[in-house]
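J.: Residue numbers (my numbering), protein chains in the order written: chain A, 3 to 105; chain B, 3 to 105.
The beta-carbon is built from N, C-alpha and C at its ideal position, and this holds for glycine as well.
Protein chains: 2
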Amino acid sequence: MANAQALLAITALGDPTRRQIFEHLAHGPSPVGELASTMAVTRPAVSQHLRVLKEAGLVTETAQGTRRIYRLDRRGISAVHAWLDERWAEALNATGSTLEQDF
Amino acid sequence: MANAQALLAITALGDPTRRQIFEHLAHGPSPVGELASTMAVTRPAVSQHLRVLKEAGLVTETAQGTRRIYRLDRRGISAVHAWLDERWAEALNATGSTLEQDF
DNA sequence: GCTTACAGTAAGTGATGGCTAACGCACAGG
DNA sequence: CCTGTGCGTTAGCCATCACTTACTGTAAGC
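(1) Given that histidine 29 of chain B touches chain A, what residues does it touch there, using C-beta distances under 7 Å?
(2) Below 8 Å between beta carbons: does that hold for valine 59 of chain B and arginine 77 of chain B?
(3) Within a Cβ cutoff of 6 Å, which residues of the same chain sit near leucine 10 of chain B, ignoring the five residues on either side of it in sequence?
(4) According to the Cβ coordinates, are valine 48 of chain A and arginine 70 of chain A closer than 8 Å?
(5) By the 10 Å Cβ neighbour count, where 16 or more other Cβ atoms means buried, how is valine 43 of chain A classified, buried or exposed?
(6) Closest Cβ-Cβ distance between alanine 59 of chain B and chain A: below 8 Å?
(7) Between histidine 29 of chain A and alanine 84 of chain A, what straight-line distance do the alpha-carbon atoms span, to the nearest angstrom?
(8) Could you check the C-alpha separation between aspartate 75 of chain B and valine 61 of chain B for me, to the nearest Å?
(9) Would you say valine 82 of chain A and leucine 86 of chain B are within 8 Å of each other, going by their C-beta atoms?
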């Protein structure tokens, strides 16, 4: 289900450090070391976060020698997008059909 | 800034219990007690989560006697939507302008 | 006014999860 | 090969935060 992907992505973006990584990658692809050098946490921490982001479909990894280049992945973003839209559509449906019961 | 609202909303939806509340409210407005009766946690816990969701602009509260009816709020949802779109737009810009450097 | 129902608040506890330090691994260069 | 670099992994510590148990507050009904 694409739903599970959305939940993973939302959970992943719930962490401030992961959002920082996410925003950095929005400015362009980057290897892990360069990513870590711009942040307050150590490289292993970044590595762990990238693992979570990758499992959530928010980033992709491509090897280049010993380096791993990370870039944003549209799939995770679209999944969150869709999830939010579905919830809001449900809400409109629900309040629409109960309009006359609301007093 | 609308950005701060988005970050609050994403952080709020990072918690599974809050997502459960959020999804329940997507099926229609509900008072706190009814909300808590369908979940595994106690009513005070739900109350605390609703406070967070409210501050994130994801739900609104309307008093009805001693009852507080909660419903989804479009503002928080739109904020997350916009935040994701901006990041993806940035990513497209970045990779677009560095296409010829990528090899 | 007293009681009942419904909900927010406060304090204290427990567990999830993020962080670091140390280690192991693969690839490139000499 | 051997060294250096760039990353991922593990173990363990610690802090944040979600949860419960009281308690307080407010509105409605008798």
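T.: The structure says:
(1) Those within 7 Å of histidine 29 of chain B in chain A are Glu92, Ala96.
(2) Per the sequence shown, the amino acid found at residue 59 of chain B is glycine instead of valine. For glycine 59 of chain B and arginine 77 of chain B, yes; Cβs fall inside 8 Å.
(3) Closer than 6 Å at Cβ, skipping near neighbours: Ala58.
(4) no
(5) By the C-beta density criterion, valine 43 of chain A is exposed, having fewer than 16 other C-beta atoms within 10 angstroms.
(6) Rather than alanine, the amino acid found at residue 59 of chain B in this sequence is glycine. Closer than 8 Å: no.
(7) Linking histidine 29 of chain A to alanine 84 of chain A through their CA atoms gives a straight-line distance of about 24 Å.
(8) The alpha-carbon atoms of aspartate 75 of chain B and valine 61 of chain B are separated by roughly 5 Å.
(9) Going by C-beta atoms, valine 82 of chain A is nearer than 8 Å to leucine 86 of chain B.
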